[in-house]
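The letter at position 173 of the sequence shown is residue 1081 when you use my numbering, and the numbering goes up by one with no holes. All C-beta atoms, glycine included, are put in the ideal place defined by N, C-alpha and C. On a predicted model such as this, the values are computed, not experimentally measured, just so you know. Report on the following structure.
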Amino acid sequence: MVESLRQSTPAEREQWIRDASYNLFNLRSEQVFIDLLTDSGTGAMSDRQWGAIMTGDESYAGASSYYHLKEAIRDITGFEYFLPTHQGRAAENVLFSVLVKEGDIIPGNAHFDTTKGHIEFRKATAVDCTVDIARNIEAEDPFKGNVDPEKLEQVLKQTPRERLGCIIMTVTNNTAGGQPVSMANLRAARELADKYGVLLIIDSARFAENAYFIKRREEGYADRSIRDIAREMFSYADGMTMSSKKDGIVNIGGFIGFRDKELFRRASTFNIMFEGFVTYGGMAGRDMNALAQGLYEGTGYEYLEARISQVARLGDRIHSAGIPMQRPVGGHAVFIDAGRFLPQIPAEEFPAQRLAVEIYLEGGIRGTEIGTLMADRDPVTRKNRYPELELVRLAVPRRVYTDNHMDYVAEAVKNVWERRQKITRGLAIKWEAPIMRHFTVELGLLS
Ligand SMILES: Cc1ncc(COP(=O)(O)O)c(C=O)c1O
């Protein structure tokens, strides 16, 4: 399947982004030339996936598509029990309905925004114990997504057992720049989970990309297959949440994997309430079929090599122009350091959002802010939280764009870099939602 793209003029883009209140989520897709807003649900399905769609079983209960997907999940992750959900955040909602209650502490490496949102919605606290080197943006460390075992143990030690909801390990660590987590680190997190008697859950959206990095970077894994590595990763967890829209290469879908039948049973009740019956939970049979196929394709070495090299190519081209960015390049996206790109703009004026807007104005390219806007307000004080990094994420959809498109993106970013001194002010909030504000915020350009 191919899709036509439409170029636009700078004047059109100026008008469109003003109409969108300087929020890139508010743009229409036809107002975007290269869409790097997210790699979530934006991949292209294969001939085999489309073929599988044709044989979807839409029975309400016990559909063959459900069993087909169950088999693929058991094969790839080792989890015996699973619940389908309509996407990753739904998996979080269902699982946290069982595991997280008011006052709980949920430590891990950096929690993704919907994960944090679901934790804070329950008046619990997500504690980010990512290794410090992740904040050293230029450091060429192979596993900057790791949790710091000392920080994690500190939290586990200080928190009464009944207030520890679970540990969440996000692979790859999206918030820290798509950086991978090593197998040794997952093993260390498991040991701590056992020592303190707490469950370990893997937020698995990009587990296959993580497995690729383990294969390429961690001693002892070069000759192991991606699926074998993935199975070992999951062997350290009690459960997993999955946004299938990433490494499952489908446009919609998610699931929860469980080792324990009792936990599965308790979560099933919430799945029925929020998602659907246990054998479809928010997914059409045809989509479960496409996901079963996608999980195999997404864990293929050649595919992962092509995908991750394409992201690296974009990153290397941007970096070679001297533009500050997260190194090494992450699995699914390039993260530009907007704080250093536009040091003249204070964090209160959302420099990363301003840079994302400029990249759109320059080339019709849509990225996303991962900075003060996304960090949101402290749920108690309602004050803005200021993360250490102000990033613009350019996430690359799977199997959609060519390297030529990536070169165009790199040139546009370089053009903005060359005129960066002329960008003197940021943006001000005109309206925001009480939680996860970045999706719907309305902004005005300061001058
Ligand atoms: C690490 C991680 N966890 C969870 C989610 C939420 O998944 P979904 O968008 O399918 O709800 C995402 C989505 O981007 C993610 O990157």
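Exclusion of the five residues before and after Ala-1241 leaves Asp-947, Gly-1086, Val-1219, Arg-1301, Leu-1302, Ala-1303, Val-1304 as the residues of its chain whose Cβ lies within less than 7 Å of its Cβ.
Residues of the same chain with a CB within less than 6 Å of the CB of Asp-1036, apart from the 5 flanking positions on each side, are Ala-1018 in chain order. As computed with DSSP, Arg-1285 is found in a beta bridge with Asn-1292. Distances from the CA of Ala-1101 to each of Val-1317, Ala-1084, Gln-1062 were compared; the closest alpha carbon is that of Gln-1062. Secondary structure note for Thr-993: it is in no alpha helix (DSSP H), and the uninterrupted beta strand (DSSP E) holding it is 989-993. Using a cutoff of 7 Å, the CB of Thr-1332 does not count as near ligand 1, since none of the ligand's heavy atoms is closer than that.
Per DSSP, reduced to three states, the secondary structure at Leu-1108 is strand. In the DSSP annotation of this structure, the continuous segment of the beta strand (DSSP E) that includes Leu-1353 starts and ends at 1350-1353. Counted as a single uninterrupted DSSP element, the beta strand (DSSP E) harbouring Ser-1151 occupies residues 1147-1151. If you ignore the 5 residues before and after Arg-1262, its C-beta comes within less than 7 Å of the C-beta of Leu-1250, Ile-1253, Ile-1331, Gly-1334, Leu-1335, all in its own chain and listed in chain order.
At least one heavy atom of ligand 1 lies closer than 7 Å to the C-beta of Lys-1153. Gln-957 sits in a helix when the DSSP states are folded into three classes.
At a Cβ-Cβ threshold of 8 Å, Phe-1172 and Phe-1163 do not count as neighbours.
Its Cα nearest to that of Phe-1051, the residue Asn-1081 stands out among Asn-1081, Leu-1203, Gly-1105.
Short of 6 Å from the beta carbon of Arg-1307, and not among the five residues preceding or following it, lie these beta carbons of its own chain, in chain order: Gly-951, Ala-952.
With a cutoff of 8 Å on beta-carbon distance, Thr-1023 and Ala-1032 are scored as not near each other. Not one heavy atom of ligand 1 lies closer than 7 Å to the C-beta of Ser-973. The shortest C-alpha to C-alpha distance from Asn-1118 to any of Asp-1155, Met-1148, Ala-1096 is the one to Asp-1155.
Residue pairing by DSSP puts Thr-1033 in a beta bridge opposite Ile-1013. In this structure, Ala-1113 sits near Ser-1151, with a CB-CB distance shorter than 8 Å. Nearest neighbour of Ile-961 by Cα position, chosen from Asn-931, Gly-1202, Arg-1098, Arg-1043, turns out to be Gly-1202. Of the residues Leu-977, Ile-1160, Thr-993, the one whose Cα lies closest to the Cα of Gly-986 is Leu-977. Contact check for Ser-929 against Gly-1272 fails: the beta carbons are separated by 8 Å or more.
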